[in-house]
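Colleague: Questions regarding the structure given below will be posed in turn.
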Amino acid sequence: MNLIVFLWWMSGILSLGVLFFAIIAQSVLWTLISGALFLPIAYYFGGAENAFRFIGLIPLIHIVLACVFFWMKKRN
Numbered sequence: 001m002n003l004i005v006f007l008w009w010m011s012g013i014l015s016l017g018v019l020f021f022a023i024i025a026q027s028v029l030w031t032l033i034s035g036a037l038f039l040p041i042a043y044y045f046g047g048a049e050n051a052f053r054f055i056g057l058i059p060l061i062h063i064v065l066a067c068v069f070f071w072m073k074k075r076n
């Protein structure tokens, strides 16, 4: 397997794992790290000429989720 493809897949798998942990811990930092790990995949699909282009918007979900966790933590 090509090293770049391996790193790309590991980025996606780690992003999902870290996002799962971030949701359980309700952590702003881990949510943003998960979004950063997903950026290579978002960048790749962002240049698509079809509906796969919307996969590039998934890191925005991470940012919104981090804001929600921040506001929840600030309220308490």
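Sequential numbering of the sequence shown, starting at 1, is according to UniProt numbering. No residue lacks a Cβ here, since even glycine has one placed at the ideal position from N, Cα and C. On a predicted model such as this, the values are computed, not experimentally measured, just so you know.
Return the chain-ordered list of same chain residues with a C-beta closer than 6 Å to the C-beta of I41, the five sequence neighbours on each side being excluded.
Modeller: These residues qualify, in order along the chain: G12.
Colleague: Just the Cα atoms here: how many angstroms apart are L37 and F52?
Modeller: Using only the alpha carbons, I get a separation of about 18 Å.
Colleague: So, for F69: in the same chain, excluding its five sequence neighbours on each side, which residues have a beta-carbon less than 7 Å away from its beta-carbon?
Modeller: Contacts found: Q26, S27, V28, T31.
Colleague: Hey, G35 and G46: beta-carbon distance below 9 Å or not?
Modeller: Cβ distance not < 9 Å, so G35 and G46 don't count as in contact.
Colleague: Under 9 Å, do W9 and Y44 count as touching if we go by C-beta distance?
Modeller: It is not a contact, given that the beta carbons lie outside the stated cut-off.
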